[in-house]
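Numbering (the working numbering), first residue to last: 1 to 1110.
Structure record follows, encoded as structure tokens.
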């Protein structure tokens, strides 16, 4: 078969086969090699058996866990049911594995087995598994006018039913079944792609792993150099070549700790556990440490920075091209407005519950009207009977070509009469489209009102303004709109038109654009909604900015509304002007200027040509000056017009709210880059710069853009790629290479959540495949939690790595010193050091929790950073010096002659071995104390109770081993006694205790020295950077004054702004930054027999991405 069967079978390996595969992992192979060396070379049976048991326990545990995970995943993947499929002109029930792309299927309640595009009817589905959305989602039939001719499952989500989601309700007009066409099956489906991402996760460019390997290679080379010196000494005392070779192999097992890979994952495991306790669930563990390196975090606005719900601020009616007083009481409004709000939406009824967009639900609830679907499945029998009676009469009228009713709305308190005389029927519905920025419905008026047809539209003010007759737009439209948007309120424009003059058959068949062109619309008013900030949003933004993390808002809302909210929460400082980057569609030859601007142009009448021209020429801002309520925007600076698309347009929003032209493009962009001016971008401006990258504009947009408004889901996803590693579809747009985080709450954010390095979804689901992290707490404070845990885990991983490297070098150097005396450490000496000291300390070091607030500095970007290298090297120097000093003190203070072992190198009991063993125990404790620094990302060491108790116990054990002589120390640890000859006297033991104290002081001093040296290096870098900026002769006064600093390739505010009030005072008179007054600068299918179905649009399918891989 061309497509294969529509089933996802994941093979589940047996535990035995998984054990066999796991046992040959390089880590375990190295363990086997080490065990053989210990047994054959030194007869370390006890130590080897312990390591062998631990190794195989780890192998079996990993295999059993992998088997259970694969079995659970296979159970999730495999799903089979029976589906009604159209084959050879009739519907037959077939098993779901027989489905292929192009099949027409009847949609019924239940779990979907593949991705389909809905062709007829409407469906309510639960997409919680895919997006984390707990609210059911309404899907509507594919419409070419709103969804486009080139259908794509990811682009046209409003009409796509995704495999794995649960259909709660499916219905279609005239009692017919809802129909859908199969577009993706198997692992091409949305569910299949998610399973593929779990089975084959995206490879992360981990500098940490490569740096660790480089460090280990250098450490191994250093140990080999030391061994050459020891080998020469061994050869001079008569050791055989075979014995020297065995010592060489043993040195490899000492220099490369076998437990290193396991130790480096401990901190991440502890962080995942702490995040779970705080309501953040992690499905991608690799993102924990990446979160500690975030440079920029982008936030959705509605439901993320602001509250989830919307409150109706009021309705501003328009009468005779004049605004009437705002009102929240529906009874005080013209009768057409409540009916418009009650009918122009995408809501559906599922039982007694309304399903649809929360904004539509809020506006509908404010009207207190009733909604009855054509297929009423409510629990009210009387209502259902009335609906059935009216539907029967509608079927009779349909023979005249009149469009059938999709549902009815009736005023509050009137009930739904069986005659339907009091209800308005919704006969055509065009769903909201992010591209069109509006939705449209056709309503048949009640019989008592004449039964005529009315067209209602609701959408963005700039789009509706371009759509309506210009004579119906008040002269102060722009000023009033600017006042509300500056307060952070969300504004929708409302329009209506009389469609009674259209033949019913034309009304039933016309597309959305045809109806808008044929029916003159008039502006009816503005719906103003409040979406207040969450209580903790401003504080979270301040916290992140103080931590040198750039914050940006990425939203689909109006630009001015987004800027106002950004001022309120502190993303944008209210004292600086904002460069607005927008794009206007290329003017056509017949464009008369009636599109979106200034209230002029056009003939004021609604003939088809004028409306089509208005629709074609509208842009996301209309006229920037008009939207701001003042200033001239027509002369705003534009980039050279391209024949392939719209030109980029630049304007400046001053602190007092006025919009002005850009006096000098080069000066404005320089002011943006130096921090004298902020930057805000619209979706159309973003698209224009991605399609035709202008480096002079792209870099300010990416580096300094703080507000991205009117952004579609695809725009959000592409922005994450550009800020990160680049966008494949736009290779000319240079990426910044930053670590990017995204925080959102809705299904529209899924693409951005997956594209970002760290995506945090605010949803109620415990785990969502839409993002690697989900937070049950609906608050952006979760991002602070994630970043603090990421920084803590990253720093802990570095510190554990330093500790393990220091331990390996300490043990390797002491073993080399013993070789020069033809001595070696005992079996239990290695066992005590490795298992009861190193393993315990390394595990507990990762348990230290993060500090409650974020620090301004961030952890080093990689292991091979100068800071970590300097610290590790200085500690190794202290270790080597102390070990050499201990042997010198043994010689000159203890008056002990040098011990000379036998050439077979099997002697253990000696003063030298005991001295180096005891000093080694103390050095391991000191390394754990020195490397376990808390400030500034982790809590102090005394808050880690487990580590503190372990250090106390190990210190007590070290003192016991140092001063006690009993069967355990003499037979197990093989430490010499108190005898003056071939022993350690009490005086010598006291000297060793003093040396341990000196080691602690020297280690602390070395760490302080490395920190001081790093501060000096950073100061020198800052001085050189300042000299370079001064040498260029400019760059803006803000940077010189310390108001901004350049870090990680980003310009960040030196002091985080406080929370801004909603209403901004009159700071400044609109004067622009001095940097702008200067000139200068800057240049320029297998259908399976799908025929015989009428009245449905079948989209053109494109080949699924990645098809060539399967």
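Even glycine gets a Cβ: it sits at the ideal position worked out from N, Cα and C.
By the Cβ rule, the region 57 to 68 does not count as touching the region 92 to 105, because fewer than three pairs are nearer than 8 Å. Here residue 61 is exposed: its Cβ has fewer than 16 other Cβ atoms, across all protein chains shown, within 10 Å.
The shortest C-alpha to C-alpha distance from residue 159 to any of 116, 188 and 287 is the one to 116. Within the DSSP secondary-structure output, residue 181 pairs in a beta bridge with 104 and 117. Boundaries cannot be given for residue 448, as no alpha helix (DSSP H) includes it and DSSP labels it neither H nor E. Scanning the region 851 to 924 for uninterrupted alpha helix (DSSP H) segments of 4 residues or longer gives 866 to 892, listed from N- to C-terminal end. The beta carbon of residue 501 sits closer than 6 Å to none of the beta carbons in its chain outside the five residues before and after it. Closest in C-alpha terms to residue 300, from the list 557, 358 and 77, comes 557. The C-alpha of residue 280 is placed about 6 Å away from the C-alpha of residue 774. Put simply, the backbone Cα of residue 988 is about 12 Å away from that of residue 982. Note that the region 251 to 258 touches the region 29 to 37; at least 3 beta-carbon pairs, one per stretch, sit closer than 8 Å.
Selection 690, 930 and 951 evaluated against residue 1008 yields 930 as nearest (Cα-Cα). Taking C-beta atoms as the reference points, residue 992 and residue 885 fail to come closer than 8 Å. Take the alpha-carbon of residue 270 and the one of residue 995: they are about 35 Å apart.
Residues 669, 672, 673 and 679 of the same chain have their beta carbon placed closer than 7 Å to that of residue 700, with the five preceding and five following residues left out of the count. Cβ-Cβ separation between residue 149 and residue 112: approximately 25 Å, too far for a contact (criterion under 8 Å). Inclusion of residue 941 and residue 934 in the CB contact set at 8 Å is warranted, their separation being smaller than that value. Note on residue 960: under 16 other CB atoms within 10 angstroms of its CB, so exposed under the neighbour-count rule.
Residue 324 and residue 317 have their alpha carbons spaced roughly 5 Å apart. The same chain holds no residue with a CB closer than 8 Å to that of residue 1021 once the five nearest residues on each side in sequence are set aside.
DSSP places residue 504 in the helix class (H, G or I) of the three-state scheme. Residue 297 is bridged by DSSP to 551 and 741. Sixteen is the threshold: since fewer than 16 other Cβ atoms of the shown chains lie within 10 Å of the Cβ of residue 78, the residue is exposed. Checking the DSSP bridge columns, you'll see residue 349 partnered with 354. Inter-residue distance for residue 580 and residue 864 is about 41 Å (C-alpha atoms, whole angstroms). Between the region 468 to 480 and the region 401 to 408 there are fewer than three C-beta pairs closer than 8 Å, too few to call the two in contact.
Each residue's CA atom was taken as its position, placing residue 667 and residue 574 some 20 Å apart. One thing to note: residue 333 has its Cβ no nearer than 8 Å to the Cβ of residue 349.
DSSP places residue 410 outside any alpha helix (DSSP H); the residue lies instead in the beta strand (DSSP E), whose first and last residues are 407 to 410. When the beta-carbon positions are compared, residue 468 and residue 521 come within less than 8 Å of each other. Residue 682 sits in a strand when the DSSP states are folded into three classes. Between residue 454 and residue 499, the C-beta spacing is below 8 Å. When DSSP reads this structure, residue 993 sits in no beta bridge, so it has no partner. DSSP places residue 95 in the strand class (E or B) of the three-state scheme.
In the three-state DSSP reduction, residue 317 falls in the strand class (E or B). Non-local C-beta neighbours of residue 715 in its own chain, meaning closer than 6 Å and more than five positions away in sequence, comprise 683 and 686, ordered along the chain.
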